[in-house]
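Accompanying notes for the structure given below.
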Amino acid sequence: MKDKRILYVSSEVVPYLPETEISSMSFEAPRMVNKQGGQIRIFMPRFGNINERRHQLHEVIRLSGINLVINDLDMPLIIKVASIPKERIQVYFIDNEEYFKRKATLTDEDGKLFPDNDERAIFFAKGVIETVKKLNWAPDIIHVNGWLASLLPLYLKEFYKTEPLFTESKIVTSIYNQNFDGTLDKQMIEKIKFDGLDEDAIKPLEKPDYINLMKVAIDNSDAVIRGSEMLPKELDSYISDLTKPVLEFHSIEEFADPYTEFYTNTVLNS
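If you count the sequence shown from 1, position 126 lands on 125 in numbering that gives the first Met the number 0, and the numbers rise without skipping.
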């Protein structure tokens with residue numbers, strides 16, 4: 000992986016959020032590439048339950064200050080950064096007062112999804128891409144983890160399809176057993192239509208549940224990784240029928256060699 004550029008976009012990363020399959024892999028995979036001499040960038044949302052003082056987050060003024068249009072409203076983008084201790088790895092945080100100030104991640108204290116999670120997902124996807132453009136950093140691979148990040152492949156393939164920085168980038172999406180009950184806001188598809196995205200590409204989002212969000216991410220990715228040993232049956236079948244490259248599940252104890260092989264010999268050569 001020496002000198003290869005990999006952009007990791009994740010809904011959660013340790014040590015900033017508790018250990019889960021996604022947060023752990025979103026740390027271990029970049030660490031592996033970093034040790035192999037690759038160049039990495041990690042992006043995640045700056046949820047309000049992340050302790051900024053303890054983790055020493057600070058705003059990057061030169062990257063902040065853009066307004067992103069979400070459902071015809073201007074929403075200010077704030078970029079913060081922190082370093083993971085002992086790893087020499089920087090993490091960029093996508094922030095906005097309206098979307099990410101509350102002291103929780105995706106659900107309230109009763110376990111109910113926040114009603115604006117759809118807009119948060121749109122904001123996160125566009126915020127990552129606009130920030131990477133400002134950094135002028137062209138990734139060889141973009142690896143997406145977690146459903147809040149699942150719109151990134153769609154926006155790269157549709158909204159930003161003429162952006163030269165990403166012309167050669169390959170998109171990999173890991174699919175996890177991270178299901179949620181119900182759907183996101185039923186008006187989500189109208190908010191995405193506002194950005195002029197291809198109607199066929201977003202049709203599954205007429206019902207914006209977990210399965211359809213991940214199907215849209217898969218459809219707009221160049222390769223897929225099974226991030227969990229067990230997946231929802233419908234997604235499992237959907238992945239099994241793909242003609243694009245798929246890496247089977249590997250535990251966190253044994254993923255390093257299969258991921259390296261998949262990145263270098265399959266994804267970059269597809």
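We put the CB at the ideal spot given by N, CA and C, even for glycine.
Treat the numbers as computed from the prediction; the structure is a model and nothing was measured.
Delimiting residues of the beta strand (DSSP E) encompassing residue i
i	result
R4	R4 to S9
R225	A222 to R225
R101	Here R101 belongs to no beta strand (DSSP E), and DSSP marks it neither H nor E.
P44	Q38 to P44
I140	I140 to N144
V68	N66 to I69
Close-in-space but distant-in-sequence residues of the same chain around residue i (CB under 7 Å, 5 per side omitted)
i	result
T182	K206, P207 and D208
K125	L67 and Y154
T263	M0
H57	K79 and V80
F158	D194 and L196
Under the three-state DSSP convention, the category residue i falls into
i	result
M0	coil
R52	helix
D256	helix
D240	coil
L212	helix
E58	strand
R30	helix
R119	helix
Y91	strand
M74	strand
I174	strand
S82	strand
T268	Residue identity differs from the one stated: residue 268 is Asn in this sequence, not Thr. Note: N268 maps to coil in three-state DSSP.
K169	strand
L112	strand
V131	helix
L230	coil
L246	strand
Residue of the options minimising C-alpha distance to residue i
i	options	result
L62	E51, L196, I77 and N48	I77
N95	M74, P114 and K102	M74
L150	K190, V80 and L267	K190
Y258	S269, N268, L246 and L267	L246
K111	F179, E162 and K156	F179
N70	D184, F261 and M213	D184
P231	K214, E11 and F42	K214
M24	T104, V143 and V80	V143
I121	F92, I188 and E18	I188
S250	E27, D109, E162 and G47	E27
I88	G36, E253, L212 and N211	G36
Buried/exposed call for residue i, threshold 16 Cβ in 10 Å
i	result
P29	buried
L72	exposed
M229	exposed
W146	buried
D117	buried
T106	exposed
Other residues of its chain near residue i: CB distance less than 6 Å, five sequence neighbours each side excluded
i	result
R119	Y98
I216	It is worth fixing the name first, because residue 216 is Ala in this sequence and not Ile. Result list for A216: S149, P152 and T172, in chain order.
Residues of its chain near residue i, where Cβ-Cβ distance is below 8 Å and the 5 sequence neighbours each way are ignored
i	result
E86	R30 and N33
P138	R4, I5, L6, R40, V131, F165 and S168
V223	V171, T172, S173, I174, I217, I238, L241, K243, P244, V245 and L246
D221	K169, I170, V171, K243, P244, V266 and S269
Start and end residues, alpha helix (DSSP H) containing residue i
i	result
A200	E198 to I201
I191	M187 to K192
L155	L151 to K156
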